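First up is the structure itself, then whatever we jot down about it.
In our numbering, the protein residues as written are 14 to 190.
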């Protein structure tokens with residue numbers, strides 16, 4: 014079990030994003046709902062799996078925008094990257110609406126966020142137990158203190174590892190209510 018210090022290369026890739034950076038939450042669902050209403054695209058009122066044709070269209074649209082993002086990144090073109098990310102968000106929001114998840118999406122997203130944040134350890138003891146858990150399985154790892162939390166990373170690629178206290182998202186409960 015080891016605790017890593019600050020490693021230069023790793024910390025170059027860590028973005029310090031806090032509410033103080035005043036990020037904006039887009040109103041993508043309501044904006045895209047207006048687009049769908051205007052152009053007579055489906056907005057389903059409850060969680061539903063659309064027809065196979067509509068599902069295939071949604072996958073195709075997302076794949077097309079993802080390909081554009083890949084090309085923009087390859088070209089190191091920030092304007093095209095921004096365009097592709099906006100288009101991806103637009104098409105994704107359309108899919109959320111077409112699958113009838115619009116009214117539940119905030120609750121679904123909040124539950125996924127809660128689950129993802131449970132990957133962090135709240136105490137150093139939990140971090141040490143998490144490191145032991147992974148090392149017992151043959152996965153070398155380390156932890157670092159970040160604010161009030163402890164984060165566990167796999168050695169080599171620095172993939173974030175789930176805390177032993179991790180709690181998976183319960184989306185079924187939200188969809189069924």
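By construction, the Cβ of each residue, glycine as well, lies at the ideal position given by its N, Cα and C atoms. Bear in mind the structure is a predicted one, so any value in this text is a computation, not a measurement.
Beta carbon proximity, residue i to chain D, threshold 8 Å
i: residue 172; result: Any reference to chain D falls outside this structure, which holds one protein chain only.
Residue from the options whose Cα sits closest to the Cα of residue i
i: residue 167; options: 159, 155 and 160; result: 155
i: residue 98; options: 174, 120, 169 and 74; result: 74
i: residue 80; options: 96, 69 and 36; result: 96
i: residue 76; options: 173, 108 and 159; result: 108
DSSP-derived helix/strand/coil call for residue i
i: residue 92; result: helix
i: residue 155; result: strand
i: residue 56; result: coil
Beta-carbon proximity of residue i to residue j, cut-off 8 Å
i: residue 165; j: residue 140; result: yes
i: residue 184; j: residue 124; result: yes
i: residue 133; j: residue 176; result: yes
i: residue 178; j: residue 131; result: yes
Buried versus exposed call for residue i [16 or more other C-beta atoms within 10 Å across all chains shown]
i: residue 42; result: buried
i: residue 113; result: buried
i: residue 157; result: buried
i: residue 91; result: exposed
i: residue 16; result: Any reading at residue 16 needs caution, since the residue's pLDDT is 49, under 50, leaving its predicted position unreliable; the model's value is listed next. So residue 16 ends up on the exposed side.
i: residue 115; result: buried
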